[in-house]
Structure formats: structure tokens, C-alpha cells
Amino acid sequence: MRARPARSIPTGWCSWYYYYRDVKARDIQDNLATAAQTELPLEYILIDDGYQPAIGDWLSANEKKFPQGMRTMAEEILTAGYRPGIWTAPFGISSKSRLYADHPEWVMRDEQGDPIVAWQHWGVDVYALDLSHPEVQEWLGDTFRTLREWGYELFKVDFLYAGALAGRRHNPRVTRAQAMRRGLEIIRAAIGEEAFLLGCGAPLGPSVGLVDGMRIGPDVAVHWHPFWADLAFPAAANALRNAIARYFTHRRWWINDPDCVLVRQKGDHSALTLSEMRTLATVVGLCGGTVLSGDNLPTLADHRLKYLARLLPPYGVAARPLDLFENELPRLLALPVETDFGQWLMLAAINWGERMTATTLNLSEIAGEGPYHVFDFWGERYLGLVRGRFRIERHLPHATRLLLLKKPSNHPDLLASTFHLTGGAVEVKALQFDGQRLTLEMEKAGTQYGKLFFLVPEPYEVVSVRFNGRRRGWQRVIEGVIWIGFHLLGEARVEIDFRGK
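Residues in the sequence shown are numbered from -8 upward in steps of one, following my numbering.
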């Protein structure tokens, strides 16, 4: 089916999970300005649902919220140095839309001749478009060609299942899957090969080969549990369980989209606890796919912004759930990391339960015979040299402990970097030890504070540390482990001189 997995992985900001349908042009502009100030490596600015007067009227704008129109909005995003993205639900047509008023014959109907309701959008019936109808196909192509001409480069197409619903079609010989796929083929042809097409709310199989990225679960939300027992209902836990289970589709069928990461504090339009936010950030980062911020960047405190920064840029490799066929909710995610200068394992242990528990990990079964240096990534703590079993004593509800496991070395070595979720695979570009000096080179877009932890086995001891040519102090954790902290401004060089005891 000519899957499209070999694309760059989008990063960016999305308006939906803070503003929802109340988003205004001013909100986009405020977040644009803050994104530029933070210097985070975000690529796209995605305007989600709320800009349009009604589902189906995509080339119009709500004049009260976007008085300048959507072409001008795209131009503003481009001028600010970002790539514009836009949300549509192209296979639906609102009963209140101008499009339906003009073309009621374009919708699918049941045996009684009534329109097929695909979903309710904020209380308004949305009908399923008949994608076998030649006029619908022409309109669909014209719409997306226009949006592309306006400057939009990422297209999030939602509620795609509407095109595959059962009903009477203009062409009765077209199957449900064929109809939906034909709609996607028209959109792909209209936007061109270079634009990024992100599927959402879609039957997965018929989308292969046409979308560049795919939402692989239901909507994330600012609450952990769904409001009622429905695995498809928006909730952080629901989004994560699906993202974990569909890890294998990443870079085989498309780029996986686990949905937005939300790192804002509880109370700022969010009910997620610190533990729940960390679990969300961890799983999104370990998915290896898209990283889209769903927060209001101007209200995001620095101590929360760091969680977003540590997911950027995406590593690109999906972690594997080790117990996918043992537990309804997999508890262990493993991401082997291999670089030119070393290898280690990122291991996430998740407590899905409602109570604090103790979690025992058999490191020999998970990673092979040890021992292993164990480092707590989010806690920024060295936990010791462990052989065999490792026990997390106070594993909080909905909390994830992200551990870095690395085998001992007989010479000074990097243990972990806190600048990226992978512990150093993204931002550390080179590491060399010549017998007396350890030299480390880093590169990461933007500005952020972080720490480097180093192993100093016997008989070595630190003589001096230099950061970008200047002497720098260091902190001793325990015998054999030190750390240094600094602000990384794009690039850095760290040199540590040693002598034998």
C-alpha cells in the first residue's frame, strides 16, 4: 500500500487543549510570540477546531474570532518563522452550515431517506458526506488546494470515519473503505506530496499510504480518567493505553501521533496531578512520534516548560511494551539506546493503579545480566549499582518512574544527560576519552537548563572541569559519580581532566 513512514517528525503547538472551540486570532498570536521567546524547537503552529463558522465551511472564518481570515493567519505564522497547520473534519457537513443549505444532496442517507448523522459537534448534527459523489469530490479537491495555496503545510483531518459509514451513496458499487480512501486520495493530490497529512478519528487500514502521520488513540484530556467507562472517550489514560499498544505502526505505516502533551500545572485549565503529567510526557516522548504542545505557552511556568523541552526533538524510535500480552495496561516500556559513544536502556515503569504500591523490576530479565548503574531521569537522582532485582518502594498512583540503565565502565564515562528524555542520545553529539581527558560535545536547539552526570570509577579522580573553555565547578553525588549543571545555548563543549589516585 506504499506506506509513508520516512518523513521528518512534526513538532509544534496546537490550540485545541487549552482554548478548544473558543480559540481566537489573538490567542494564536500570543503563543507565536512566546514560542519565539522560549526558542523551543517547535516547527508547526496548528490552528484547531473553532476558527470556522460551521463544519464544512472551511474557506470561511468566524469573523468575530478571526476577523483577518485564515489566509492572513497563515501568513502571520510564516512571517514569525513557523509552518502553518490547520484542522478540518472534511468528511462531515454540519446541518447548520452554508454548504448543507446549498447542497443537501451531498450527504449520505439511510433507507428512509434521512441524512446519516456522523456525530454531534457541540450539540449540532453533522452529516456524513457522500464521497462517491462527483460534485463532492470536486469540492473536496478545490477546498484543500485553496488551503494549500493560502500557505498551510500541515493538515490535521479529523472524524475521517464519517466517510466510511454505512448508508446510501451516489455510487452504490463503492464500498465504505473505498469511499473513505478515495476522499483521502483527493486530499493528498490537492495538498501535494510535501505537505504533512495527519489522520485522526480514522479507520487505520484504509489510511495507509495516504497519511504521513496518524493519531493512534482517542483524544488526550486534562483529566486522567474518562467521565464514564468508555475506552474511546477523551482521557489521558485512554490516549496512553492506545498509544502504547500501537507502538509497532510507527515508521512502518506512518509517523505515530500519540496526541498533544500537556505539561501545565494543575488548576491552569487542567486536573492532572504532577505524577499524571509526568506519565503523559514520558509516554509521548517514548512513542518516538509527533510532539505537539497543547498548553497556553504564555502561562507556562519555567519548571513546567522543561518537561516539554526534554521531549524535543523527538528521538524517532518507539519504545516497546514488554508486557503487552500479559497486562491489560502494559506497565513496562523499554527503549534501547545505541549511539557512537555508548549504549543504555531507558525503562519506564508505570503504576496505573489508584493506590501507592511497590514495584519490583527484574533487571536481568529486562536488560540482561548486570550489574547496572540506575538513574532516575525525572527525579535526577543516581540510585546505585544494581544487580538482579530493583525495587521502587513508593510508586505513586498514575506515576511513571523513568530509569536509565547503564553497564559499568572501567574508565570515566557519561552516565546520563537530563536535557532530553533519552538521557543523551539526541543532544550529545560526541564523547571521547583519551586516558586523561573526557570531552563531550552537545548540540540542541533553544535554551534550557539541565545536568550531566558522570561515572568516575577507581582509580580516577577529577582534576578540573571546563565548560566552553571556562573552568566550572562540579558536585559529588557519591564516590564515583559527579554532576554539573548549566544552561545549554544551542551548543556546548565539556572537558573533564582526570588523574589516577
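Each residue gets a CB set at the ideal place from its N, CA and C atoms; glycine is no exception.
Short check: CB of residue i to CB of residue j, under 8 Å?
i	j	result
R378	P399	no
W474	L396	no
I46	H112	yes
A504	V328	Residue 504 is absent from the structure shown; the chain starts at -8 and stops at 492.
F444	L393	no
D116	M99	no
A155	A168	yes
T281	I246	yes
L302	V252	yes
C278	P312	no
T350	A339	no
Y35	Y73	yes
Y10	D286	no
L231	L201	no
A65	P75	yes
F381	Q427	no
P289	D21	yes
D40	R62	no
N376	D367	Here residue 376 turns out to be Leu, not Asn, going by the sequence shown. Not closer than 8 Å, so no.
S(-1)	L37	no
What span of residues does the beta strand (DSSP E) with residue i cover, start to end?
i	result
D488	V472 to G491
R467	Q466 to I469
M493	Lying before the first or after the last residue shown, residue 493 is absent from the chain, which here runs from -8 to 492.
A407	D404 to S408
R462	R461 to R463
V148	L145 to V148
Who does residue i pair with in a DSSP beta bridge?
i	result
C5	L37
L394	L338 and D367
F119	Reading off the sequence, residue 119 comes out as Ala, not Phe. In DSSP, A119 forms a bridge with G83.
T351	R382
T290	Per DSSP, none; premise fails for T290.
H214	DSSP, once it has assigned bridges, lists no residue as partnering H214.
H535	This structure leaves residue 535 out entirely; the chain is present only between -8 and 492.
L323	A340
Q423	T430
S455	D488
P106	R100
F444	A407 and W474
V252	S284
Please list the terminal residues of the continuous alpha helix (DSSP H) segment that includes residue i.
i	result
D21	A16 to T29
F135	P125 to E140
D93	R89 to D93
M268	L265 to C278
E66	M61 to T70
L231	A227 to A236
Can you tell me whether residue i is helix, strand or coil according to DSSP?
i	result
W245	strand
F381	strand
Y306	coil
P(-4)	coil
K297	helix
T330	strand
G437	strand
G190	strand
L175	helix
W97	helix
I46	coil
S284	strand
G154	helix
I77	strand
G498	Since the first residue of the chain shown is -8 and the last is 492, residue 498 is not available in this structure.
R311	strand
F239	helix
R372	strand
G167	According to the sequence as given, residue 167 is Arg; it is not Gly. Correct three-state label for R167: helix.
R159	strand
A52	coil
A358	helix
D13	helix
Quick check: the stretch 292 to 309 against the stretch 200 to 220, are at least 3 beta-carbon pairs closer than 8 Å?
no
*Any contact of the stretch 426 to 437 with the stretch 308 to 326, i.e. 3+ C-beta pairs under 8 Å?*
no
### Query
Touching or not, the stretch 49 to 62 and the stretch 16 to 27, by the rule of three or more beta carbon pairs under 8 Å?
yes
Worksheet item: For the 8 Å Cβ check, are there 3 or more pairs between the stretch 413 to 421 and the stretch 448 to 455?
Response: no
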